[in-house]
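In our numbering, the protein residues as written are 78 to 291.
Note that beta-carbon positions come from the ideal geometry of N, C-alpha and C, so glycine has one too.
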Ligand SMILES: NC(=O)c1ccc[n+]([C@@H]2O[C@H](COP(=O)([O-])OP(=O)(O)OC[C@H]3O[C@@H](n4cnc5c(N)ncnc54)[C@H](OP(=O)(O)O)[C@@H]3O)[C@@H](O)[C@H]2O)c1
């Protein structure tokens with residue numbers, strides 16, 4: 078897939094890792110945040126190829142938009158950016174609805190609901206693909222796994238959007254995708270994350286990922 082313009086909504090570990098990674102692969106990146114001036118000053122001129130703007134500016138910039146904000150804030154961020162700004166675009170949703178109030182990660186909600194579905198409902202004119210949410214930010218671009226890089230788990234309702242997602246992931250160094258169905262499957266991809274945290278604790282690493290074997 079030809080590199081193009083991408084808007085990354087989020088300036089945390091995930092937003093920065095994806096912003097830098099996509100820029101390294103030739104994409105024209107704008108990172109979105111509530112505080113563009115502060116983020117610009119913090120990143121400095123070393124971040125070549127990564128511009129900074131508001132959530133609305135980043136969403137408007139991207140032909141592809143990535144949602145990479147705190148799960149509890151994800152729906153509000155979409156509203157801040159303006160749902161119309163996403164119309165006709167591929168939206169990669171990396172968020173997880175996590176609750177750390179008991180110290181270790183639990184889901185804030187799930188089972189019969191997911192952030193992936195809520196985001197797709199808020200953006201009826203965009204194609205939302207759940208992606209990146211089950212791997213560490215350090216592995217999202219140019220992944221390196223000692224036992225081989227597994228396909229990325231994704232789901233979404235639009236087959237063409239999932240094909241586009243796979244082409245992007247292959248360009249970023251992934252072998253392909255494990256497509257687990259429509260956007261309702263986000264319930265299960267998000268539910269993998271509290272398990273991912275517990276497995277990481279057991280293994281003593283945060284670079285691991287799940288793989289289906291047969
Ligand atoms: N960390 C990982 O390795 C990892 C891996 C897979 C998926 N994820 C998921 O990716 C998402 C981002 O994770 P993260 O670790 O980068 O950092 P994070 O702390 O979950 O998110 C930081 C971003 O959320 C925004 N934000 C926080 N509170 C907000 C509010 N009240 N209103 C509007 N925006 C708000 C921040 O905006 P400002 O820029 O304005 O501060 C910032 O851009 C999460 O949903 C997480 O579950 C994380």
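- For the pair residue 183 and residue 160, the Cα-to-Cα distance works out to about 28 Å.
- Per DSSP, the beta bridge partners of residue 176 are 183.
- Counting C-beta pairs closer than 8 Å gives three or more between the segment 241-258 and the segment 212-231, which meets the contact rule.
- For residue 199, the three-state secondary structure derived from DSSP is helix.
- Assignment of residue 157 by DSSP, reduced to helix, strand and coil, places it in the helix class.
- A buried status is given to residue 242, since no fewer than 16 other beta-carbon atoms sit within 10 Å of its beta-carbon.
- Its Cα nearest to that of residue 105, the residue 135 stands out among 122, 187, 116, 135.
- If you check the C-beta of residue 146 against ligand 1, you find a heavy atom less than 6 Å away.
- DSSP, reduced to helix, strand and coil, places residue 90 within a helical segment of the structure shown.
- Closest option to residue 271, judged by alpha-carbon separation, among 195, 186, 244: 186.
- In the DSSP secondary-structure assignment, residue 232 is bridged to 207.
- In the DSSP assignment, residue 114 falls within the alpha helix (DSSP H) that extends over 113-120.
- With respect to the 7 Å criterion, residue 127 and residue 145 are not classified as neighbours on the basis of their beta carbons.
- Under the DSSP assignment, residue 127 falls in the beta strand (DSSP E) whose first and last residues are 127-130.
- Distance from the Cα of residue 276 is smallest, within the candidate group 217, 181, 257, for 181.
- Residue 129 and residue 110 do touch by the CB rule: their CB atoms are close to 7 Å apart, below 8 Å.
- In the DSSP assignment, residue 266 falls within the alpha helix (DSSP H) that extends over 263-280.
- Judged by beta-carbon spacing, residue 86 lies within the 7 Å limit of residue 154, meaning their Cβ atoms are closer than that value.
- Close CB contacts of residue 247 within its chain, under the 7 Å cut and outside five residues either way in sequence, are with 253 (chain order).
- At least one heavy atom of ligand 1 sits closer than 6 Å to the Cβ of residue 173.
- Set against 6 Å, the gap from the CB of residue 89 to the closest heavy atom of ligand 1 is smaller.
- When 209, 164, 244 are compared, the shortest CA-CA separation from residue 90 is found for 209.
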